[in-house]
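J.: The structure follows.
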Amino acid sequence: MTTIVSAQLSLIVIIIIAIAFIVPKIGSKLAWISWKGSLMISGLYLGILLMLVPLLFLLPKANLTQNDENRDRAVKLSQNTISDLYRHDLPAEKDLDKIPGLYRNSSHNFKVDSEKLFFNVPANIGLYPILVARKNVDDGQIDVSTYVATQFIKDIDYTKFVLPPIIAYHDGTLSFKATHQSLKFIQGTADFTVNQFRNQNAGGTNGLSTSFGDRIVYIRVPQSLEIDNETKTNSNVQMISSD
Numbered sequence: 003m004t005t006i007v008s009a010q011l012s013l014i015v016i017i018i019i020a021i022a023f024i025v026p027k028i029g030s031k032l033a034w035i036s037w038k039g040s041l042m043i044s045g046l047y048l049g050i051l052l053m054l055v056p057l058l059f060l061l062p063k064a065n066l067t068q069n070d071e072n073r074d075r076a077v078k079l080s081q082n083t084i085s086d087l088y089r090h091d092l093p094a095e096k097d098l099d100k101i102p103g104l105y106r107n108s109s110h111n112f113k114v115d116s117e118k119l120f121f122n123v124p125a126n127i128g129l130y131p132i133l134v135a136r137k138n139v140d141d142g143q144i145d146v147s148t149y150v151a152t153q154f155i156k157d158i159d160y161t162k163f164v165l166p167p168i169i170a171y172h173d174g175t176l177s178f179k180a181t182h183q184s185l186k187f188i189q190g191t192a193d194f195t196v197n198q199f200r201n202q203n204a205g206g207t208n209g210l211s212t213s214f215g216d217r218i219v220y221i222r223v224p225q226s227l228e229i230d231n232e233t234k235t236n237s238n239v240q241m242i243s244s245d
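This note's numbering puts the first residue of the sequence shown at 3, with every later residue one more than the last.
What follows is the structure, encoded as structure tokens:
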């Protein structure tokens with residue numbers, strides 16, 4: 003907010019200076035405009051600007067950009083959460099949804115149609131941890147949730163735009179398919195009116211810093227559902243403690 007106010011004050015000063023220089027030059031062509039008229043025009047401009055100030059408080063506060071402190075905090079929290087998951091220190095699913103820096107981007111519920119569960123995980127899906135936990139009940143449902151940790155490019159949080167893998171279940175086999183996605187970011191060039199309020203004027207590169215978070219698949223299966231032995235040896239699939 004301080005930056006916005008400073009920018010507005012600078013804009014007002016620029017307008018006043020512009021009017022002070024422009025009005026005398028066009029005075030010969032618009033001789034009927036007196037100095038009182040020029041003053042009234044200046045006052046009108048200032049009045050319009052002042053009336054626009056309250057609109058700033060009506061703008062939505064939620065946006066894509068984050069300041070450095072919030073960005074670093076979100077990245078750190080997501081990294082800690084992922085580390086806990088790798089150590090099988092898994093909180094309840096409802097708690098995962100509340101952790102800053104971790105976002106659930108899909109959820110599925112499949113009805114069990116076989117006594118044994120098989121996994122089809124293609125190699126091109128990458129090192130995508132698939133955590134499997136048993137429920138305390140036999141409800142005949144396989145619950146699948148996918149999570150993505152914080153993703154940043156410079157100060158833009160695009161975590162919610164990351165697509166989950168394609169997941170399907172048929173004849174006792176849970177299949178995963180990699181999602182191909184392309185996001186295009188265009189870096190604009192700020193002029194001096196913006197740069198004067200930033201600390202990025204003094205040197206540095208124009209590159210975009212990025213922070214890529216991990217992705218997790220969390221699966222909860224009925225208590226008595228048998229897991230295929232070959233699945234347990236898959237590097238992507240990890241059996242974790244029950245609910």
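Built from N, CA and C at the ideal position, the CB exists for glycine as well.
1) I need the DSSP call for glutamine 183, collapsed to helix, strand or coil.
2) Under 8 Å, with one C-beta from each stretch per pair, do the stretch 133-151 and the stretch 217-226 reach the 3-pair mark?
3) Provide the residue(s) that pair with alanine 151 in DSSP beta bridges, ordered along the chain.
4) Would you mind sorting threonine 45 into buried or exposed? The rule is 16 or more other CB atoms within 10 Å of its CB.
5) Per DSSP, which residues does glutamine 225 bridge with? Please list them.
6) Sort Gly174, Asp159 and Asp145 by Cα distance to glutamate 117 and report the nearest one.
7) Grab me the residues of lysine 178's own chain with a C-beta within less than 8 Å of its C-beta, minus the 5 sequence neighbours each way, in chain order.
8) When burial is assigned at 16 or more other CB atoms within 10 Å of the CB, is leucine 41 buried or exposed?
9) Whole angstroms is fine: what's the gap from serine 80's alpha carbon to valine 146's?
10) Check tyrosine 130 in the structure and name its three-state DSSP category.
11) According to DSSP, is serine 109 helix, strand or coil?
12) Report yes if the C-beta distance between leucine 119 and glutamate 228 is below 8 Å; otherwise report no.
13) Determine the closest residue to threonine 161 out of Ile50, Gln183 and Tyr171, with distance taken between C-alpha atoms.
14) Whole-angstrom Cβ separation of tyrosine 171 and isoleucine 144, contact assumed at under 8 Å?
15) Measure from the alpha carbon of isoleucine 188 to the alpha carbon of each residue in Phe163, Leu165, Ile155 and Asp216, then state which is nearest.
16) Look up tyrosine 171 in the DSSP assignment and say whether it is helix, strand or coil.
17) Do you know offhand how far aspartate 74's Cα is from glycine 103's?
T.: Short version:
1) coil
2) yes
3) Residue pairing from DSSP places alanine 151 in a beta bridge opposite Leu104.
4) At residue 45 the sequence reads glycine, which differs from the threonine that was named. Exposed.
5) Answer is none; glutamine 225 lacks a bridge partner.
6) Ranking the options by Cα distance to glutamate 117, first place goes to Gly174.
7) For the sequence presented, residue 178 should be read as phenylalanine rather than lysine. For phenylalanine 178, where only same-chain residues beyond five positions count, the Cβ hits under 8 Å are Phe121, Asn122, Val123, Pro124, Ile127, Tyr130, Ile132, Pro167, Ile168, Ile169 and Val219.
8) exposed
9) 20 Å
10) coil
11) strand
12) yes
13) Gln183
14) 6 Å
15) Ile155
16) strand
17) 10 Å
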